[in-house]
Amino acid sequence: MHFGQGLTEPYALALAKGTGTLTLRPDTDQTADPVDFDVQGWCAEASPAELSVLKRLDGPLLDIGCGPGRLLSAAQNLGLTAWGIDTSAEAVRRARSRGVRVLEQSIFDPVPHTGQWQSLILLDGNIGIGGGITALLRRCRHLIAPQGTLLVEVEADDELDTVYTAVLEDPAGNRSAPFRWARTGTGGIAARAPRSGWTVASVHRVQDRVFCRLSPSAWPSRTAV
Ligand SMILES: C[S@@+](CC[C@H](N)C(=O)[O-])C[C@H]1O[C@@H](n2cnc3c(N)ncnc32)[C@H](O)[C@@H]1O
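Residue 224 is where the sequence shown ends in numbering that gives the first Met the number 0, and the numbering goes up by one at each step.
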């Protein structure tokens with residue numbers, strides 16, 4: 000099951016309205032904190048912080064978990080060839096209505112132009128997709144061009160590192176089916192990058208957000224995994 004999907008579909012309902020708050024809540028693990036998302040922010044324009052990191056990327060760019068397409072639209076306006084990928088039909092519908100190109104599928108399914116993407120972006124908590132950070136980093140390593148860049152937004156808390164089963168809820172009580180999710184800070188990326196075929200090239204703190212730029216390195220040998 001994917002982020003916010005299933006049962007009474009709070010993610011699709013919120014995107015259709017374009018406003019409101021969604022809460023990502025641990026399903027059973029009470030040690031993980033809930034996270035609130037502002038749906039209007041997802042549906043608005045890219046922020047100055049997001050524009051500043053997008054400006055430093057090359058196309059073709061793939062926005063993994065692009066949602067309603069805010070970042071894709073900004074990338075396109077910057078002159079980049081940009082595609083999005085998302086499993087949510089409502090997110091894809093909204094993104095396409097902004098005039099951007101989106102594949103409606105999982106990042107773990109076969110992706111066109113594998114090995115040729117100059118930039119991959121995982122922003123807004125999307126490093127959590129699939130609930131397996133090493134698996135997602137490895138998937139991205141297969142997709143990236145030899146001189147490409149993977150941009151990952153991480154938590155402001157460098158030490159935070161958690162994988163859990165979550166649900167998405169809205170204030171009206173609509174609730175998704177449980178899905179696996181993850182959250183991590185710079186420490187979790189630094190620890191997993193070498194065993195996923197990446198080097199952390201730099202870390203940028205822009206306003207209160209943290210972005211890691213990763214460059215592809217040699218695939219680790221089996222013993223290093
Ligand atoms: C936290 S939301 C981020 C939304 C988006 N980045 C934005 O700014 O509007 C996570 C997004 O990842 C998508 N997603 C979840 N699992 C996915 C997968 N396996 N492959 C592609 N997209 C996925 C969800 O449908 C959702 O749109």
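Quick reminder that beta carbons are idealized off the backbone N, C-alpha and C, glycines included. Keep in mind that this is a model prediction, so the values were computed, not measured.
Quiz item: Cβ of N231 within 7 Å of any heavy atom in ligand 1?
Solution: Nothing in the structure corresponds to residue 231, since the chain is present only between 0 and 224.
Quiz item: Residue range of the alpha helix (DSSP H) that Q146 falls in?
Solution: As a working note, residue 146 is residue 147 in the sequence shown. If you look at Q146, you'll find it isn't in any alpha helix (DSSP H); it sits in the beta strand (DSSP E) that goes 143-153.
Practice problem: Using the Cα positions of S220 and Q146, report the straight-line distance between them to the nearest angstrom. | Solution: Mapped onto the sequence shown, residue 220 falls at position 221. Mapped onto the sequence shown, residue 146 falls at position 147. Inter-residue distance for S220 and Q146 is about 20 Å (C-alpha atoms, whole angstroms).
Quiz prompt | contact_flag[the stretch 51-59, the stretch 27-37] where n(CB pairs < 8 Å) is 3 or more | solution = no
Exercise. Grab me the residues of G127's own chain with a C-beta within less than 7 Å of its C-beta, minus the 5 sequence neighbours each way, in chain order.
Key: For the purposes of this step, residue 127 is taken as the residue at position 128 of the sequence shown. Result list for G127: W180, A181, R182, in chain order.
Quiz item: Just to confirm, does L149 get its C-beta within under 7 Å of one of the non-hydrogen atoms of ligand 1?
Solution: Within the sequence shown, the letter at position 150 stands for residue 149. Between ligand 1 and L149, a heavy atom-to-CB distance of less than 7 Å is absent.
Practice problem: Following the continuous beta strand (DSSP E) through W41, name the residue where it begins and the one where it ends. | Solution: On the sequence shown, position 42 is the one that residue 41 refers to. Note, W41: premise wrong, no beta strand (DSSP E); alpha helix (DSSP H) at 38-42.
Quiz item: Do D207 and G186 have their C-beta atoms closer together than 8 Å?
Solution: Here residue 207 is taken as the residue at index 208 of the sequence shown, counted from 1. Here residue 186 is taken as the residue at index 187 of the sequence shown, counted from 1. Result no, Cβ atoms of D207 and G186 do not sit closer than 8 Å.
Self-check item: In DSSP terms, what G5 is bridged to
Solution: To locate residue 5, count along the sequence shown from 1; it is residue 6. DSSP output for G5 lists no bridge partner at all.
Quiz item: What first and last residue would you give for the alpha helix (DSSP H) that runs through I188?
Solution: Taking the sequence shown and counting its residues from 1, the one referred to as residue 188 is at position 189. From DSSP, the alpha helix (DSSP H) with I188 extends over 185-191.
Quiz item: Bridge partners of V34, per DSSP?
Solution: Taking the sequence shown and counting its residues from 1, one reaches residue 34 at position 35. The partner list for V34 (beta bridge, DSSP) reads L23.
Exercise. Classify Q75 as buried or exposed, calling it buried when 16 or more other Cβ atoms lie within 10 Å of its own Cβ.
Key: Here residue 75 refers to the residue found at position 76 when the sequence shown is read from its first residue. Q75 should be labelled buried.
Quiz prompt | Through-space distance from G172 to I120, alpha-carbon basis | solution = Taking the first residue of the sequence shown as 1, we reach residue 120 at position 121. Taking the first residue of the sequence shown as 1, we reach residue 172 at position 173. Rounded to whole angstroms, I120 to G172 spans 31 Å at the Cα level.
Quiz prompt | Under the three-state DSSP convention, the category T113 falls into | solution = As a working note, residue 113 is residue 114 in the sequence shown. Three-state result, T113: coil.
Quiz prompt | beta strand (DSSP E) segment containing L122, residue limits | solution = Counting from 1 along the sequence shown, the entry for residue 122 is found at position 123. It is not in any beta strand (DSSP E) - L122 carries neither H nor E in the DSSP assignment.
Self-check item: Spatial distance of P111 from A144 (CA atoms)
Solution: Position 112 of the sequence shown, counted from the first residue, corresponds to residue 111. Position 145 of the sequence shown, counted from the first residue, corresponds to residue 144. Roughly 13 Å separates the two Cα atoms.
Quiz item: If you draw a straight line from the C-alpha of A11 to the C-alpha of V91, how long is it?
Solution: Looking up residue 11 in the sequence shown gives position 12. Looking up residue 91 in the sequence shown gives position 92. Looking at the two C-alpha atoms, the distance is approximately 10 Å.
Quiz prompt | S201, DSSP secondary structure in three states | solution = Translated into the one-based positions of the sequence shown, residue 201 becomes position 202. In this structure, S201 counts as strand in the three-state DSSP scheme.
Quiz item: Under the rule that 16 or more other beta-carbon atoms within 10 Å means buried, what is P67, buried or exposed?
Solution: Walking along the sequence shown from the start, residue 67 turns up at place 68. Burial call: buried.
Quiz item: Would you say G184 and D160 are within 8 Å of each other, going by their C-beta atoms?
Solution: On the sequence shown, residue 184 is found 185 positions in, with the first residue counted as 1. On the sequence shown, residue 160 is found 161 positions in, with the first residue counted as 1. The answer is yes: Cβ separation under 8 Å.
Quiz item: According to the neighbour-count rule (16 or more other Cβ atoms, all chains shown, within 10 Å of its Cβ), is C211 buried or exposed?
Solution: Here residue 211 corresponds to residue number 212 of the sequence shown, with the count starting at 1. Label assigned to C211: buried.
Exercise. Indicate, with yes or no, if ligand 1 has a heavy atom lying under 7 Å from the CB of H1.
Key: Translated into positions along the sequence shown, residue 1 becomes position 2. It does: the Cβ of H1 is within 7 Å (strictly closer) of some heavy atom of ligand 1.
Exercise. Compare the C-alpha of D37 against each of I63, S216, F2, D169 and name the closest.
Key: Counting from 1 along the sequence shown, the entry for residue 37 is found at position 38. Comparing Cα-Cα distances from D37 to each of I63, S216, F2, D169, the minimum goes to D169.
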